[in-house]
Amino acid sequence: MSRPARQPASVSTFQRAVYFLRLGRPLHLLGGFLFNGLGVSIAYYLGAEINWTIALWCQVAITATQLMTHYSNDYFDQDADAATVTPTRWAGGSRVLPDGLIRPRAALAAALVCCGVALGAIAVLVVIVSAPLLTLALLLLALALAWSYSSPPLWLNRRGLGEITGALLVPGLTTLLGFQVQAGRLAAQPLLAVVPLCCFQFAMLLSVNFPDAVGDARVGKQTLVVIFGPARSGRLFVGALALAYLLLPLLVLAGLPGQVALVVLLTSPIAAWQAWRIRRGAATDSAAWDALGFWSIGLLMAAALL
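Plus 899 on top of the position in the sequence shown (first one is 1) and you've got the numbering used here.
Structure (structure tokens):
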């Protein structure tokens, strides 16, 4: 699905390092720290004794997996990124490859190196955690989904499955991993806690696909925004936000602490404002896309941090 980008001009080693840093989208790595930390916090709340060596190796596996995804995404999405004429800070890829700043094969090589680092961290974790088989299964599942998000053979984000995969993987599996490696088991509480976060992540991924829709459609990349169109995808965005709050009473009945539900509820003004903006046409307004993506990410981060 990739196509050759412009050949990069000769640049210094320092400038090439800057381009690689940009290609890895370091700001997006904060979510991995946040959701791993959330899992660790839930484990501590439920009485687990925190092992910081395990937490560190888990973070290495998570961050390496994220970087693998970022590098592979830009490599295999070159055609879609090049076709996007309205990129924002949150959509359209890093722009490093379409702008010819780094050779595409270097991005693929970086993705494979990061995959190797993730596998190395997984090997260490399997030796030091209390439930190695469960840890191994969760980490390999996360690694496989992360690679498959925009890479062969599954190409999930080209087949209408990217948004749901990202929603389950980023706040869902990452938080569960942070919890499981500390507690040595799975439990209801982290599963309940990530439900609204998964809804917010799903909405956020829709928001960052609005700017890419024309370019994605041009190259046959079938995201949900391309499949349903911006108007219906806007309604899906609002529905995902509403679902996050409507499920809170049921989650409390299932065992989610009431104070956690109340904290999530504190973010509802942001969600209501985002829904209002969608109703006012933000899904099809290129001038609104950057802010829509920013506040969708902000809503997710606020709900997790609070």
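Don't be surprised by glycine CBs; every beta carbon is placed ideally from N, CA and C. Model, not experiment: these values are computed from the prediction.
Cβ neighbours of residue i in the same chain (closer than 7 Å, five flanking residues each side left out)
i: Q1100; result: G1065, A1066, V1069, P1070, L1199
i: S901; result: With a pLDDT of only 47 at S901, under the threshold of 50, the placement of this residue in the model should not be trusted, and no figure is reported.
i: A1102; result: F1136, A1139, L1140, S1195
i: G991; result: D980, T983, P1110, D1111
i: A1202; result: P1095, L1096, F1099, V1163, T1166
Presumed contact (8 Å Cβ cut-off) between residue i and residue j, rounded CB distance
i: A981; j: P997; result: 5 Å
i: L1149; j: L1164; result: Contact doesn't hold; Cβ gap of about 14 Å is too wide.
i: N935; j: G1077; result: 4 Å
Status (buried if at least 16 other CB within 10 Å, exposed otherwise) for residue i
i: T1073; result: buried
i: F913; result: exposed
i: W1188; result: buried
i: P903; result: Confidence in P903 is poor, its pLDDT being 46 and thus under 50, which makes the residue's placement too unreliable to answer from.
i: Q1158; result: exposed
i: W1172; result: exposed
i: W1046; result: buried
i: G1133; result: buried
i: G1224; result: Outside the shown range of the chain (900 to 1205) lies residue 1224, about which nothing can therefore be said.
i: W1175; result: exposed
i: L929; result: exposed
i: A942; result: buried
Per DSSP, cross-strand counterpart(s) of residue i
i: Q1081; result: Q1081 is not bridged to any residue.
i: Q1158; result: DSSP, once it has assigned bridges, lists no residue as partnering Q1158.
i: R1058; result: Q1121
Close beta carbons around residue i, own chain, < 6 Å, minus the five adjacent residues each side
i: V995; result: Y918, R921, L922, I1001
i: W956; result: A1020, V1023, L1024
i: V1093; result: P1070, G1071, T1074
Alpha helix (DSSP H) segment containing residue i, residue limits
i: D1189; result: 1185-1204
i: F1127; result: 1123-1145
i: H969; result: 951-975
i: P1168; result: 1167-1178
i: S1029; result: Premise fails: S1029 is in no alpha helix (DSSP H) and is neither H nor E.
i: R988; result: Careful: R988 lies outside any alpha helix (DSSP H) and carries neither H nor E.
Residues near residue i in its chain [Cβ-Cβ closer than 8 Å; skip 5 each side]
i: T952; result: I1027
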